[in-house]
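J.: This is the structure, below, for whatever I ask next.
2 protein chains.
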Amino acid sequence: MAESTVRWGIIGTAGIAEKVSVALAEASNATCVAVASRDKDKAEKFIADNCPGARAYGSYQELLDDDEVQVVYIPLPTGLRLEWVLKAAEKKKHVLCEKPIAANLGDARKMVDACQAAGVQFMDNTMFLLHERTTAMRAVLDDEELFGTPNHVISTFSLPLGNFDFFKDNIRLNRNMEPYGALGDLGWYCARFSLWAFRYEDPESVSCEFLEETSDGVPVTLAANLMFKGGRTASFTCSFKQAWRQWAEVVGPKCALRVEDFVIPAEINVSKFTVTRGSVSAKALTFPNEVVKEEAIKGCQQHTKVVEKLSDIAISGNLEEFWPKVAIQTQMVLSAMVTSARRQTGWVQPRERTKAKPKEEAPKGKGKGKGKSKNGEKGTASEEAEKQFLPKKPHFTRVGAINPGSSGVNLEVKVLSIQKAAGEDSLIAIVGDASGFIKLIAQGEAETSKMKEGADLVIRNASVKMMKGFVHLQVGKWGKVETSKEEFNFVPNEKTNISDTEYELVPNK
Amino acid sequence: MAESTVRWGIIGTAGIAEKVSVALAEASNATCVAVASRDKDKAEKFIADNCPGARAYGSYQELLDDDEVQVVYIPLPTGLRLEWVLKAAEKKKHVLCEKPIAANLGDARKMVDACQAAGVQFMDNTMFLLHERTTAMRAVLDDEELFGTPNHVISTFSLPLGNFDFFKDNIRLNRNMEPYGALGDLGWYCARFSLWAFRYEDPESVSCEFLEETSDGVPVTLAANLMFKGGRTASFTCSFKQAWRQWAEVVGPKCALRVEDFVIPAEINVSKFTVTRGSVSAKALTFPNEVVKEEAIKGCQQHTKVVEKLSDIAISGNLEEFWPKVAIQTQMVLSAMVTSARRQTGWVQPRERTKAKPKEEAPKGKGKGKGKSKNGEKGTASEEAEKQFLPKKPHFTRVGAINPGSSGVNLEVKVLSIQKAAGEDSLIAIVGDASGFIKLIAQGEAETSKMKEGADLVIRNASVKMMKGFVHLQVGKWGKVETSKEEFNFVPNEKTNISDTEYELVPNK
Chain E
1 MAESTVRWGI IGTAGIAEKV SVALAEASNA TCVAVASRDK DKAEKFIADN
51 CPGARAYGSY QELLDDDEVQ VVYIPLPTGL RLEWVLKAAE KKKHVLCEKP
101 IAANLGDARK MVDACQAAGV QFMDNTMFLL HERTTAMRAV LDDEELFGTP
151 NHVISTFSLP LGNFDFFKDN IRLNRNMEPY GALGDLGWYC ARFSLWAFRY
201 EDPESVSCEF LEETSDGVPV TLAANLMFKG GRTASFTCSF KQAWRQWAEV
251 VGPKCALRVE DFVIPAEINV SKFTVTRGSV SAKALTFPNE VVKEEAIKGC
301 QQHTKVVEKL SDIAISGNLE EFWPKVAIQT QMVLSAMVTS ARRQTGWVQP
351 RERTKAKPKE EAPKGKGKGK GKSKNGEKGT ASEEAEKQFL PKKPHFTRVG
401 AINPGSSGVN LEVKVLSIQK AAGEDSLIAI VGDASGFIKL IAQGEAETSK
451 MKEGADLVIR NASVKMMKGF VHLQVGKWGK VETSKEEFNF VPNEKTNISD
501 TEYELVPNK
Chain D
1 MAESTVRWGI IGTAGIAEKV SVALAEASNA TCVAVASRDK DKAEKFIADN
51 CPGARAYGSY QELLDDDEVQ VVYIPLPTGL RLEWVLKAAE KKKHVLCEKP
101 IAANLGDARK MVDACQAAGV QFMDNTMFLL HERTTAMRAV LDDEELFGTP
151 NHVISTFSLP LGNFDFFKDN IRLNRNMEPY GALGDLGWYC ARFSLWAFRY
201 EDPESVSCEF LEETSDGVPV TLAANLMFKG GRTASFTCSF KQAWRQWAEV
251 VGPKCALRVE DFVIPAEINV SKFTVTRGSV SAKALTFPNE VVKEEAIKGC
301 QQHTKVVEKL SDIAISGNLE EFWPKVAIQT QMVLSAMVTS ARRQTGWVQP
351 RERTKAKPKE EAPKGKGKGK GKSKNGEKGT ASEEAEKQFL PKKPHFTRVG
401 AINPGSSGVN LEVKVLSIQK AAGEDSLIAI VGDASGFIKL IAQGEAETSK
451 MKEGADLVIR NASVKMMKGF VHLQVGKWGK VETSKEEFNF VPNEKTNISD
501 TEYELVPNK
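Chains as they are written, first to last, in UniProt numbering: chain E, 1 to 509; chain D, 1 to 509.
This is the structure in structure tokens:
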């Protein structure tokens, strides 16, 4: 074995591990020296079939205790991965991790922090990033003259897992093991591709709808959106119930770049993409679509590229910040999408929880960490959604958009008139903007003193109070009203009375 | 002119009217006899270029007063269309209407009702429905053995209108003329294609996000979803800022049917579609994608088919219910999508407002209707959204999903314990379901009397009350609590305390 051959171990003998075995055999700078399974016979069978000569272990820990192993590949179910990434880092092994990397964003952060603290590389197994085709596509997207600036990405990844009876036993839809379901297993690639296209900018906000879930709340089919600065957007759909599809499209003002097989190439030795330009003919009789570029990249095996890349890092010792950074970013995007879908809150700003107080510190080579991690199997998508419920940037709305369900209302309004005293120390003011006017209940000296005809007010976090079926606004102890420093230049709409619409209650069927 | 040649008139000389002129020239059973513009010179020029021999009128009404005209084509901007459809119906002309047919669902209903009352056919100009390719695609989707049952549709329609300076003067983004923006102009086709694929079933709910809007609130880029019974779904994206694209895909559990040019064929004499079947090779090294069917339909001109179809109806007098029905359905879907996007309410159930009390009855041949319709130019997408804010079917949630923003909460819970009296005639009960427990403030005899340890309660329309930053639930005068007739068989989760999470206020930045 040459000095430049890195020794890998595989923890778990899932189907996907066979593919990495092929990559290890093909790679110029790596070899598989050990395979662990909870069942040693399984490890031995896997070795006989995939990497003859490697050592078989009957427990994951034994493999980590093997000093020869420099890099471990961890294809375990998502719910089990935190524990073994932390233990691998503790043993100073570089880590190639399957995706979604963790059951929630907090766990993902612990993983990459543990690897960083241990001085080992963390990388997730999103292979397409290392395909030569991806580099060729980047060159096209950077060709301003041909393409213009990309402003949209759309992608799909679907697999027909079968019917629901089958789903019941399938790990991909087990809430504890794979809480993100199709969003984690398939959406991970779509989210990553979208981030790649926009050069890993953080999206300003994301939204997601689960179109179908298991009875346990794991998404089976979903549609998601990402919004980036300057009106650039990405959309994707994923499903475990649809035919095998894995296409992606990057769109600019002039052209569309399309790849039919962005996750895993359709052919072993050639990977293609196409750039088309649509137009409209005279009298709109046809919308022609011209192929302006068609590229075919030959002989590149992305699975092998991943193994070679991580082995190169292991040899040089030059850790790359890029890989853990994009892993966290992708997990953060998915996590915010779970929040959007579960809470039906529309747009959600993806971010890490800054005030998190983890109950258990990530081991940084201090403890042995033998016991089962307390957090390793706990995080479900629902808990994740809980954690992600963070204050959003204040969004100013308009009076015309207020309805019985409005809350956290931020407004810039003018006081049109003072209607009447509603009681001691309170009054009703008519306030409006260009979209309409509404009755505002002002309570207490701090509020009532600001209610002067013609005053410009900034109202924050107001809520709706229904009075006999009509909408009123109140500021209350959770909100705030201030006199604006600048005069608003809109003309209040005095025709559209928002407090004049009678709403019905939700019927008690 | 043969007896079997139907005489058409065109109201307005928009670019799209040139295309219909070509269709009228090609059609075996139609001819263009009159063209009207507010500027008679324009009408004359249009006739010279497109349909020599037709009569030119300097007002739309003059054309409608021409007894020779049997069918009118109305390509006017959406905001103006109601008035002229009503006037055309009054004059007993069959109507071919551009899309989106109206500025809001109420106007659309008036149009089709007026045509029905007048005994004339209403049809919108969604040409692809009459393409022979569409029939051929239906045959594939019905091939259960090849395709399985379709469960998903995805489509895109985008055009690069240019930059925002250009948008300012473009009618497509004028809020009064085209309130639905890209959703109406482009999304109309995607929605219709989705409905077609699922044989015009009403979707159970729809959702939409506007990814970019003009300053005036007209959608420029959007992503939308439709949910049909049994977990079948459709998703589409539209934009005025992206390259020309117009593809659609229908997906089943086995195959995907793809058409690159579903709105307007890319080539004049041949229209194609493809059916592919993806799979996974040994060790997941590749995801092959096999073309199982490729069809090319030759010589069909969909624009001509539309003219011939409506002319056939005019000749036979056998009105077809199908066309107004799908027009209303499509408008209803778009209208619900506007509600979803503007109100950020996630899923919305598309429906017509049953309690609508129109201020002005659709003329049914009673009045002359000479004056400008009061409603013709009024309906904006925002008003439409307002109208569509109707009570939804009660949706039962789980305790674990409650957060500070929750309202209209419906729950099935067990009383775990009575914590303490909160005051006279009120108490705090701990109630829970399988997902967690929460503090419920019960007020008044009607509520407190039901709070017995172990009781099964059905709570409707409860709201969240924040007490010192912690979530509590209250029923209040707008809600209702009842003792369940059946005992719930879940085991309450006594570990997850929803009232134990401290929330921060939205920061007053």
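Ideal placement from N, C-alpha and C gives every residue a C-beta, glycine not left out.
#1: Taking C-beta pairs closer than 7 Å, name the residues in chain D that residue 243(E) reaches, listed in chain order.
#2: Where does residue 350(E) fall in DSSP's three states?
#3: For a minimum of 3 consecutive residues, which ranges assigned as the beta strand (DSSP E) are wholly contained in the region 12-74 of chain E?
#4: Using the beta-carbon of each residue, which ones in chain E are nearer than 7 Å to residue 283(D)?
#5: According to the neighbour-count rule (16 or more other Cβ atoms, all chains shown, within 10 Å of its Cβ), is residue 325(D) buried or exposed?
#6: Please tell me whether residue 552(D) has its Cβ less than 8 Å away from any Cβ of chain E.
#7: Rounded to whole angstroms, what is the Cα-Cα separation between residue 97(E) and residue 112(E)?
#8: Do you know offhand how far residue 389(D)'s Cα is from residue 203(D)'s?
#9: Hey, out of 336(E), 490(E), 339(E), whose CA is closest to residue 399(E)'s CA?
#10: Taking a contact to mean a Cβ-Cβ separation below 8 Å, would you say residue 459(E) touches residue 413(E) in this structure?
#11: Checking the sheet assignment: what are the DSSP bridge partners for residue 152(E)?
#12: When we look at the beta-carbon of residue 100(E) and count the other beta-carbons within 10 Å, is it buried (16 or more) or exposed?
#13: Between the region 259-271 of chain D and chain E, which residues of the former have a C-beta closer than 8 Å to a C-beta of the latter?
#14: Mind checking which residues open and close the alpha helix (DSSP H) that includes residue 133(D)?
#15: List, in order along the chain, the chain D residues whose C-beta lies closer than 8 Å to that of residue 212(E)?
#16: Fully enclosed by the region 280-331 of chain E, which alpha helix (DSSP H) runs are 4 residues long or longer?
#17: For residue 196(D), which option in 94(D), 309(D), 126(D), 50(D) has the closest C-alpha, if you only look at C-alpha atoms?
#18: Please tell me whether residue 266(D) and residue 289(E) are closer than 8 Å, where the distance is taken between their beta carbons.
#19: Return the residue from the list 457(E), 34(E), 475(E) that minimises the CA-CA distance to residue 485(E).
#20: Where do the N-terminal and C-terminal ends of the alpha helix (DSSP H) with residue 111(D) fall, by residue?
#21: Tell me, to the nearest whole angstrom, how far the beta carbon of residue 70(E) is from that of residue 323(E); I am working on the premise that it is less than 8 Å.
#22: Starting from the beta carbon of residue 194(E), find every residue of chain D whose beta carbon is closer than 8 Å, and list them in chain order.
#23: Check whether the Cβ of residue 314(E) lies closer than 8 Å to any Cβ atom in chain D.
#24: Name, please, each residue of chain E whose Cβ falls closer than 9 Å to the Cβ of residue 15(D).
#25: Using a Cβ-Cβ cut-off of less than 7 Å, give me the residues of the region 286-297 of chain D that come near chain E, in sequence order.
#26: Would the beta-carbon of residue 402(D) fall within 8 Å of that of residue 473(D)?
#27: With a CB to CB cut of under 6 Å and the five nearest residues on each side skipped, what residues in its chain are close to residue 251(D)?
#28: In chain D, what lies closer than 8 Å to residue 89(E) by C-beta?
#29: For residue 246(E), decide whether its Cβ has a neighbour in chain D, counting only Cβ atoms nearer than 8 Å.
#30: Chain D partners of residue 119(E), CB-CB under 8 Å?
#31: Ordered along the chain, which non-local residues of its own chain (more than five positions away) have a Cβ less than 7 Å from that of residue 516(E)?
#32: Residue 73(E): buried (16+ other C-beta within 10 angstroms of its C-beta) or exposed?
#33: What's the C-alpha gap between residue 5(E) and residue 244(E)?
#34: For the beta strand (DSSP E) containing residue 223(E), name the first residue and the last one.
#35: Using the Cα positions of residue 91(E) and residue 62(E), report the straight-line distance between them to the nearest angstrom.
#36: Would residue 379(D) pass as an interface residue toward chain E - the criterion being a Cβ-Cβ separation below 8 Å?
T.: Put simply:
#1: In the first sequence, the residue the question calls residue 243(E) occupies position 243. Here the neighbours are 251, 252, 253, 254, 255, 256, 277, 278.
#2: Indexing the first sequence from 1 puts residue 350(E) at position 350. Of the three classes helix, strand and coil, the one that applies to residue 350(E) here is coil, per DSSP.
#3: 30-36, 55-57, 71-74
#4: Taking the first residue of the second sequence as position 1, residue 283(D) is located at position 283. The contacting residues are 18, 19, 22.
#5: Translated into the one-based positions of the second sequence, residue 325(D) becomes position 325. In this structure residue 325(D) is exposed. Its beta-carbon is surrounded by fewer than 16 other beta-carbon atoms within 10 angstroms.
#6: Outside the modelled stretch of chain D, which goes from 1 to 509, sits residue 552(D), for which no answer is possible.
#7: Position 97 of the first sequence, counted from the first residue, corresponds to residue 97(E). Position 112 of the first sequence, counted from the first residue, corresponds to residue 112(E). When rounded, the distance between both Cα atoms is 11 Å.
#8: Against the second sequence, residue 389(D) aligns to sequence position 389. Against the second sequence, residue 203(D) aligns to sequence position 203. Its pLDDT being 32, under 50, residue 389(D) is placed unreliably by the model, and the measurement read from it follows with that caveat. About 17 Å.
#9: Working through the first sequence from its first residue, we reach residue 399(E) at position 399. Ranking the options by Cα distance to residue 399(E), first place goes to 490(E).
#10: One-based indexing of the first sequence puts residue 459(E) at position 459. One-based indexing of the first sequence puts residue 413(E) at position 413. Yes; because the gap between Cβ atoms is below 8 Å, this pair is in contact.
#11: For the purposes of this step, residue 152(E) is identified with residue 152 of the first sequence, where counting begins at 1. Paired residues: 233(E), 251(E).
#12: Here residue 100(E) refers to the residue found at position 100 when the first sequence is read from its first residue. Its Cβ being crowded by 16 or more others within 10 Å, residue 100(E) is buried.
#13: 260, 261, 263, 264, 265, 266, 267, 268
#14: Reading the second sequence from its first residue, position 133 is the one you call residue 133(D). Residues 132-141.
#15: Along the first sequence, one-based indexing puts residue 212(E) at 212. Chain D residues near residue 212(E): 231, 233.
#16: 302-316
#17: Mapped onto the second sequence, residue 196(D) falls at position 196. Here the closest residue by C-alpha is 126(D).
#18: Against the second sequence, residue 266(D) aligns to sequence position 266. Against the first sequence, residue 289(E) aligns to sequence position 289. Taking the C-beta atoms as reference points, residue 289(E) is found nearer than 8 Å to residue 266(D).
#19: Position 485 of the first sequence, counting from 1, holds the residue named residue 485(E). For the residues 457(E), 34(E), 475(E), the minimum Cα distance to residue 485(E) belongs to 457(E).
#20: Looking up residue 111(D) in the second sequence gives position 111. 105-118 is the span of the alpha helix (DSSP H), which, as asked, contains residue 111(D).
#21: As a working mapping, residue 70(E) is identified with position 70 in the first sequence. As a working mapping, residue 323(E) is identified with position 323 in the first sequence. With a Cβ gap of about 16 Å, residue 70(E) and residue 323(E) do not count as contacting.
#22: Stepping through the first sequence from its first residue, residue 194(E) is reached at position 194. What residue 194(E) touches in chain D: nothing, since even the nearest Cβ is about 13 Å away.
#23: Translated into positions along the first sequence, residue 314(E) becomes position 314. Answer no: the Cβ-Cβ gap between residue 314(E) and chain D never drops below 8 Å.
#24: The residue you call residue 15(D) lines up with position 15 of the second sequence. Per Cβ cutoff of 9 Å: 283, 284.
#25: Taken in chain order, the members of the region 286-297 of chain D whose beta-carbon sits within less than 7 Å of a beta-carbon on chain E are 286, 287, 288, 289.
#26: The residue labelled residue 402(D) in the question sits at position 402 within the second sequence. The residue labelled residue 473(D) in the question sits at position 473 within the second sequence. Cβ distance < 8 Å, so residue 402(D) and residue 473(D) count as in contact.
#27: Indexing the second sequence from 1 puts residue 251(D) at position 251. Within the same chain, residue 251(D) has close Cβ partners 152.
#28: The sequence position of residue 89(E) within the first sequence is 89, counting from 1. Simply none; closest approach about 27 Å.
#29: What you label residue 246(E) is simply residue 246 of the first sequence in a count that begins at 1. Taking a beta-carbon distance threshold of 8 Å, residue 246(E) counts as an interface residue toward chain D.
#30: Here residue 119(E) corresponds to residue number 119 of the first sequence, with the count starting at 1. In chain order: nothing, as chain D lies at least about 32 Å away.
#31: Residue 516(E) is absent from the structure shown; chain E starts at 1 and stops at 509.
#32: As a first step, residue 73(E) must be located in the first sequence, where it is residue number 73. It counts as buried.
#33: To locate residue 5(E), count along the first sequence from 1; it is residue 5. To locate residue 244(E), count along the first sequence from 1; it is residue 244. Going by C-alpha positions, residue 5(E) is about 36 Å away from residue 244(E).
#34: Looking up residue 223(E) in the first sequence gives position 223. Here the beta strand (DSSP E) through residue 223(E) covers 219-228.
#35: By 1-based counting over the first sequence, the position of residue 91(E) is 91. By 1-based counting over the first sequence, the position of residue 62(E) is 62. Going by the C-alpha atoms only, they are around 11 Å apart.
#36: On the second sequence, position 379 is the one that residue 379(D) refers to. Residue confidence for residue 379(D) is low, a pLDDT of 32 falling below 50, so the modelled location carries little weight; the figure read from the coordinates is stated next. False, the Cβ-Cβ gap to chain E never drops below 8 Å.
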